[in-house]
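Below: the structure, in structure tokens.
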Amino acid sequence: MVNIYYRCSIALFCMLFLMTFSFFLLAVGEQSEKEPVIHDIKLTQIETLIAEKKPGLIIINLWATWCPPCVEELPHFANIYKKYSKEKVRLYLINIEGKEIKEKVLKPFLKKNTLPCPVYLLEEGRPEEIEKVLKTEISGALPITIIYNS
């Protein structure tokens, strides 16, 4: 008789464990399948961000998915965002490849390389226009990181 209760208890425990574990796997699967959020941004909007008189730092990083150094430093920016986003540090990761790559290149890239911070996609802009808005000389090489103290 005790043996039957013992076996039933073990079976019940195993069923509860499997149910809990399957719900966990389902939740993890749903998280990884979420579409990454990409904010479209124009040069005029970047100019406005820089001109705002909010206290703190503004970090603007221009990057591309095809640029190995850009991809290599993204986790470091993710750490900066996690650590300082609540401390008056505004981080803008701006992909400069153009809006035509959004669906076929950038979204799959961000699904594979999840970032906790917002990602922006520059809709248009020639290098000389970007230089003018950022108020800095651009050599043409990526990545480009500019820090403003507002």
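Residue 0 is where the sequence shown starts when you use numbering that gives the first Met the number 0, and the numbers rise one by one after that.
Cβ coordinates follow ideal geometry from the N, Cα and C atoms, glycine included.
query: Considering only residues of the region 63 to 122, which uninterrupted alpha helix (DSSP H) runs meet the minimum length of 4 residues and lie entirely inside it, listed in chain order?
result: Those alpha helix (DSSP H) runs which fall completely within the region 63 to 122 and span 4+ residues are 67 to 83, 106 to 111.
- prompt: In three-state DSSP terms, what is T47?
  reply: Helix.
task: Select from K101, S84, E86 the residue whose C-alpha is nearest the C-alpha of I37.
output: Put simply, of K101, S84, E86 the residue whose alpha carbon is nearest the alpha carbon of I37 is K101.
Reduced DSSP category for L42 - H, G, I as helix; E, B as strand; rest coil: Helix.
- prompt: In chain order, what residues of the same chain have a beta carbon less than 6 Å from the beta carbon of E46, not counting five sequence neighbours either side?
  reply: The residues are V132.
Pairwise C-alpha distance: E136 and E29: Only weak support is given to the placement of E29: the predicted model assigns it a pLDDT of 48, under 50, and the question is left unresolved by the model.
message: Looking only at its chain, what residues have a beta carbon closer than 7 Å to the beta carbon of S31, apart from the 5 residues adjacent to it on each side?
response: A caution first: S31 carries a pLDDT of 49, below 50, which makes its placement in the model unreliable, though a value can still be read off. Taking S31 as the centre and dropping the five residues before and after it, the same chain places no C-beta closer than 7 Å to its C-beta.
task: Count the other CB atoms, across all protein chains shown, that sit within 10 Å of the CB of W65; report buried if there are 16 or more and exposed otherwise.
output: Exposed, because fewer than 16 other Cβ atoms sit within 10 Å of the Cβ of W65.
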